[in-house]
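Worksheet: one structure, shown below.
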Amino acid sequence: MKKFQDRIGLSMPGLLFGVFLLLLPWFPPFNKEYILRWLIAALIVGASAIAFDFSGGFIAVINFGFMGFFGLGAYTSALLAIRFHLSPWLTIFIGALSPAILGLLSGLVSLRLRGMMILCFTWFVGLALMGLATKLVFLTRGSLGLPCPTLYKTASNVPYYYTILGMMFVTYLVMKLVIQSHYGLAFRAIGQNMEAARTSGINPLKFRVVNFILACAFAGWIGGFYAHYYGVLTPDLMSTAKTTEVLVIAYIGGRGSLWGGAVAAVPFVFAMEVIRSVLSDMPGLNLIIYGLFLIFVMLYYPGGLAEGYRKIVAKLRVKEIAQH
Amino acid sequence: MLEVNNLNTCYDFLHVLWDVSLVINEGEYVCLIGPNGAGKSTVLKSIAGLIEIKSGEIFFKGISIGDKKGDQICRMGISLVSEEMNLFTGMTVMENLSMGAYTIRGKKKKEALMNFVFELFPRLAERRIQLAGTLSGGERKMLAIGRSLMSDPSLLLVDEPSLGLAPRVVDTVFQALEVLNKKGVTIFLVEQNVTKTLQVVDRGYVLERGKIVLEGSRVELSRNEHIRKIYLGV
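Protein chains in written order, with our numbering: chain Z, 17 to 340; chain Y, 21 to 254.
Take a look at the structure:
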């Protein structure tokens with residue numbers, strides 16, 4: 017058991033954070049429905065940030081079309097539920113397959129490219145998906161919005177909150193276990209020095225494609241939840257601005273930590289909502305603040321929250337040793 | 021063990037290697053010397069499969085490897101040591117070594133290899149949880165060699181191990197290579213430090229402007245008029 021705890025990186029603060037999130041909806045002001053909606057939005061971004069970091073933080077491939085894959089999963093799940101009257105609980109899993117397959121295909125093409133070129137390629141894939149969702153009106157109803165069935169029949173947000181919390185945890189757990197396996201070492205090696213990875217007998221393409229498939233599948237899965245929570249889908253959910261939101265959270269959380277994005281999401285999305293409502297007569301200003309914050313973090317604190325946490329732990333340990 | 025026939029390699033339109041041919045027998049310690057920009061590193065990279073060759077043949081243990089990729093060649097037992105290619109600066113010493121043993125199955129064998137590396141370079145054992153990027157030049161070189169050894173290679177390609185090192189550290193590195201050679205690892209060494217190199221190797225090739233201009237045993241090379249004048253400065 018202890019060994020398993022180590023493998024998934026579950027520490028005391030991590031456990032406390034989990035308990036905190038579990039109890040959060042029962043305390044004012046968080047028990048109000050509109051605040052719960054914010055929290056759910058934050059957890060969706062947090063879970064996405066984990067999946068985003070799985071590629072960005074390890075194999076150093078920034079998937080700039082992340083929300084395209086997310087939206088593909090959302091639309092697939094919604095359409096399956098509408099056309100074939102399947103339960104949304106089933107379709108969010110089937111829905112995750114289509115971004116996984118697209119992830120495989122674009123992985124095979126794009127991962128032969130490097131650096132900036134991969135970023136552009138994934139970005140264009142995301143834009144293309146958004147374009148399709150807008151233009152294929154007979155299928156997606158375009159920007160009119162696609163109404164789709166919800167997961168629960170109740171108007172309360174509490175069950176949705178726990179569902180997305182569980183999904184975020186599962187996303188973290190699966191990705192952490194992969195990272196802790198010998199795959200994780202290869203991922204990091206490829207991210208750091210592809211030539212050296214090759215001279216160690218690693219085929220970079222294989223590992224990058226595996227990584228990409230998994231990250232895209234989880235993006236689509238979370239996208240499915242998004243569809244069946246809000247009950248309506250519009251193409252602008254796939255926009256680059258939304259990807260940037262996930263990217264900012266993942267970077268503030270700390271690249272290559274996985275958990276960083278989940279921790280950063282709640283306070284950050286909350287702060288952004290507050291800013292947006294305060295500055296409601298100046299639309300778009302929140303995006304500028306996003307951008308500035310991202311630049312600030314990348315310049316002065318590239319390790320993000322996770323780095324800060326590591327430093328505090330290291331300091332405490334030094335103190336402990338000094339006392340003995 | 022390794023046979024290279026009429027190897028030609030280009031970087032885009034720049035023709036670097038011209039009909040390079042060489043042979044390395046099992047257990048030998050062979051060097052390739054030559055001036056800067058002659059294409060020495062390119063020879064190693066061509067053999068290791070990191071750059072595409074234009075024409076020619078490379079045989080390793082009788083199998084043609086000219087069109088194979090770097091990861092396949094590594095699995096066959098050829099390991100390249102070069103500083104810029106070999107280290108993961110954001111990983112610890114231990115993780116770098118584990119990466120080297122990525123193709124090795126079996127925990128016991130990995131541990132044995134790691135112990136061997138730590139025995140060869142006790143400095144690395146002291147620094148096992150330190151990030152590779154924070155090591156000194158000499159330690160990096162040791163780690164690069166150690167990492168290559170972790171894949172249990174039968175042929176070690178070593179690119180300029182003495183580059184940028186203090187003389188005392190150079191000695192350590194050369195001693196380690198000799199120990200390895202005595203243990204049966206075939207070594208193909210590319211070096212600029214000709215004086216030092218000609219003290220340790222069995223045989224050597226001289227590469228100038230992408231062509232092999234001379235070959236011979238250590239004694240022959242040390243006595244050669246051209247070598248003495250250009251490389252040894254006597």
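Backbone N, C-alpha and C define an ideal beta-carbon position, used for all residues, glycine too.
Element boundaries [beta strand (DSSP E), containing Ser41(Y)]: Here residue 41(Y) refers to the residue found at position 21 when the second sequence is read from its first residue. Ser41(Y) -> beta strand (DSSP E) spans Leu34 to Ile44.
Cβ neighbours of Phe85(Z) in the same chain (closer than 7 Å, five flanking residues each side left out): Counted from its first residue, the first sequence places residue 85(Z) at position 69. Taken in chain order, the residues that qualify are Pro115, Leu118, Gly119, Cys232, Ala235 and Gly236.
Stretch pair the region 132-143 of chain Y + the region 62-75 of chain Y: three plus CB contacts closer than 8 Å: At 8 Å Cβ cutoff, the stretches do not touch.
Beta-carbon proximity list for Ser255(Z), same chain, < 8 Å, skipping 5 on both sides: By 1-based counting over the first sequence, the position of residue 255(Z) is 239. By the criterion of a C-beta distance shorter than 8 Å, Ser255(Z) is surrounded in its chain by Met83 and Met146, once the five residues flanking it on both sides are discounted.
Any C-beta of chain Y under 8 Å from that of Asn227(Z): Counting from 1 along the first sequence, the entry for residue 227(Z) is found at position 211. Residue-level contact by beta carbon fails for Asn227(Z) and chain Y, as no gap is shorter than 8 Å.
Assigned secondary structure, Lys65(Y) (DSSP; H/G/I helix, E/B strand, else coil): The residue you call residue 65(Y) lines up with position 45 of the second sequence. Here DSSP, grouped into helix, strand and coil, assigns Lys65(Y) to helix.
Residue of Val248(Z), Ser126(Z), Val153(Z) and Leu155(Z) minimising C-alpha distance to Ser142(Z): Taking the first residue of the first sequence as 1, we reach residue 142(Z) at position 126. For the sequence presented, residue 142(Z) should be read as Gly rather than Ser. Taking only the C-alpha atoms, the option nearest Gly142(Z) is Ser126(Z).
Spatial neighbours of Gly73(Z) in its chain, beta-carbon cut-off 6 Å, leaving aside the 5 residues before and after: For the purposes of this step, residue 73(Z) is taken as residue 57 along the first sequence, with counting starting at 1. Arg271 and Gly272.
Separation of Leu332(Z) from Val174(Z), as counted between CA atoms: The residue given as residue 174(Z) occupies position 158 in the first sequence. The residue given as residue 332(Z) occupies position 316 in the first sequence. CA-CA distance, Val174(Z) to Leu332(Z), rounds to 37 Å.
Beta carbon of Phe68(Z) nearer than 8 Å to that of Ala266(Z): Counting from 1 along the first sequence, the entry for residue 68(Z) is found at position 52. Counting from 1 along the first sequence, the entry for residue 266(Z) is found at position 250. Judged by their CB atoms, Phe68(Z) and Ala266(Z) are nearer to each other than the 8 Å cut-off.
Proximity to Met210(Z) [Cα-Cα], best of Leu22(Y), Asp91(Y), Val24(Y) and Thr62(Y): In the first sequence, counting from the first residue as 1, residue 210(Z) sits at position 194. Checking every option, the nearest Cα to that of Met210(Z) belongs to Asp91(Y).
From Gln195(Y), His35(Y), Glu159(Y) and Tyr49(Y), residue whose alpha carbon lies closest to that of Leu176(Y): Here the question's residue 176(Y) lines up with position 156 in the second sequence. Cα-wise, what sits closest to Leu176(Y) is Tyr49(Y).
Separation of Phe109(Z) from Tyr246(Z), as counted between CA atoms: As a working note, residue 246(Z) is residue 230 in the first sequence. As a working note, residue 109(Z) is residue 93 in the first sequence. Cα to Cα, Tyr246(Z) sits roughly 17 Å from Phe109(Z).
Residues of the region 43-73 of chain Z whose Cβ lies closer than 8 Å to any Cβ of chain Y, in chain order: Under the 8 Å Cβ criterion, the region 43-73 of chain Z contributes no residue.
Any C-beta of chain Z under 8 Å from that of Met162(Y): Translated into the one-based positions of the second sequence, residue 162(Y) becomes position 142. Not closer than 8 Å to any Cβ of chain Z, the Cβ of Met162(Y) fails to qualify, so no.
Assigned secondary structure, Leu102(Z) (DSSP; H/G/I helix, E/B strand, else coil): Stepping through the first sequence from its first residue, residue 102(Z) is reached at position 86. Leu102(Z) carries a coil assignment under DSSP once its states are collapsed to helix, strand and coil.
Span separating the alpha-carbon of Met119(Y) from that of Val264(Z): Reading the second sequence from its first residue, position 99 is the one you call residue 119(Y). Reading the first sequence from its first residue, position 248 is the one you call residue 264(Z). One C-alpha to the other measures close to 31 Å.
Amino acids of chain Y, ordered along the chain, whose beta-carbon sits closer than 8 Å to that of Gln208(Z): For the purposes of this step, residue 208(Z) is identified with residue 192 of the first sequence, where counting begins at 1. Within 8 Å Cβ-Cβ: Phe108, Thr109, Gly110 and Met111.
Range covered by the beta strand (DSSP E) that runs through Cys136(Z): To locate residue 136(Z), count along the first sequence from 1; it is residue 120. Going by DSSP, Cys136(Z) is part of no beta strand (DSSP E) but of the alpha helix (DSSP H) stretching over Gly131 to Lys151.
Helix, strand or coil at Tyr317(Z) [DSSP, three-state]: Your numbering for residue 317(Z) matches position 301 in the first sequence. Of the three classes helix, strand and coil, the one that applies to Tyr317(Z) here is coil, per DSSP.
Integer Cβ distance of Lys60(Y) from Leu52(Y), believed to fall under 8 Å: Taking the second sequence and counting its residues from 1, one reaches residue 60(Y) at position 40. Taking the second sequence and counting its residues from 1, one reaches residue 52(Y) at position 32. About 5 Å separates the Cβ atoms of Lys60(Y) and Leu52(Y), confirming a contact at the 8 Å cut-off.
Members of the region 63-80 of chain Y that neighbour chain Z once the beta carbon cut-off is set at 7 Å: Within the region 63-80 of chain Y, the qualifying residues are Ala68 and Leu70.
8 Å Cβ cutoff met for Ala205(Z) and Ala212(Z): Within the first sequence, the letter at position 189 stands for residue 205(Z). Within the first sequence, the letter at position 196 stands for residue 212(Z). Going by C-beta atoms, Ala205(Z) is nearer than 8 Å to Ala212(Z).
Inter-residue CB distance, Tyr199(Z) and Leu274(Z) (contact presumed, cutoff 8 Å): The residue you call residue 199(Z) lines up with position 183 of the first sequence. The residue you call residue 274(Z) lines up with position 258 of the first sequence. The beta carbons of Tyr199(Z) and Leu274(Z) sit about 14 Å from each other, so the pair does not count as a contact at 8 Å.
Interface flag, Met134(Y) vs chain Z, CB-CB below 8 Å: By 1-based counting over the second sequence, the position of residue 134(Y) is 114. Residue contact with chain Z for Met134(Y): absent (no Cβ-Cβ distance below 8 Å to any residue of chain Z).
Within chain Z, the residues that Ser171(Y) reaches when beta carbons sit closer than 8 Å: The residue labelled residue 171(Y) in the question sits at position 151 within the second sequence. Within 8 Å Cβ-Cβ: Ser216 and Gly217.
Extent of the continuous beta strand (DSSP E) run through Arg223(Y): Residue mapping note: residue 223(Y) aligns to position 203 of the second sequence, counting from 1. In the DSSP assignment, Arg223(Y) falls within the beta strand (DSSP E) that extends over Arg223 to Glu228.
For Lys231(Y): DSSP bridge partner residues: Along the second sequence, one-based indexing puts residue 231(Y) at 211. Listed as beta-bridge partners of Lys231(Y) by DSSP are Glu228(Y).
Proximity winner among Trp38(Y), Val113(Y), Leu163(Y) and Leu200(Y), relative to Glu77(Y) (alpha-carbon distances): Along the second sequence, one-based indexing puts residue 77(Y) at 57. Taking the Cα of Glu77(Y) as reference, the smallest distance to any Cα among Trp38(Y), Val113(Y), Leu163(Y) and Leu200(Y) is reached at Trp38(Y).
For Arg224(Z) and Leu230(Z), the rounded distance between their alpha carbons: Counting from 1 along the first sequence, the entry for residue 230(Z) is found at position 214. Counting from 1 along the first sequence, the entry for residue 224(Z) is found at position 208. About 10 Å.
Minimum C-alpha distance to Ala58(Y) - residue among Glu245(Y), Thr29(Y) and Leu218(Y): Here residue 58(Y) is taken as the residue at index 38 of the second sequence, counted from 1. Checking every option, the nearest Cα to that of Ala58(Y) belongs to Thr29(Y).
Neighbour flag for Leu124(Z) against chain B, beta carbons, 8 Å: Here the protein chains are Z and Y, and chain B is not one of them.
C-beta contact flag for Glu245(Y) and Gln212(Y) at 8 Å: As a first step, residue 245(Y) is located in the second sequence; it is residue number 225 there, counting from the start. As a first step, residue 212(Y) is located in the second sequence; it is residue number 192 there, counting from the start. Not closer than 8 Å, so no.
Any C-beta of chain Y under 8 Å from that of Glu336(Z): On the first sequence, position 320 is the one that residue 336(Z) refers to. False, the Cβ-Cβ gap to chain Y never drops below 8 Å.
Chain Y contacts made by the region 179-212 of chain Z, where a contact means CB separation under 9 Å: If the cut-off is 9 Å between Cβ atoms, the region 179-212 of chain Z has His198, Leu201, Ala202, Arg204, Ala205, Gly207, Gln208, Asn209, Glu211 and Ala212 near chain Y.
Within chain Z, partners of Asp91(Y) - CB distance below 7 Å: Here residue 91(Y) corresponds to residue number 71 of the second sequence, with the count starting at 1. Those are Arg214, Gly217, Ile218 and Asn219, listed as they occur along chain Z.
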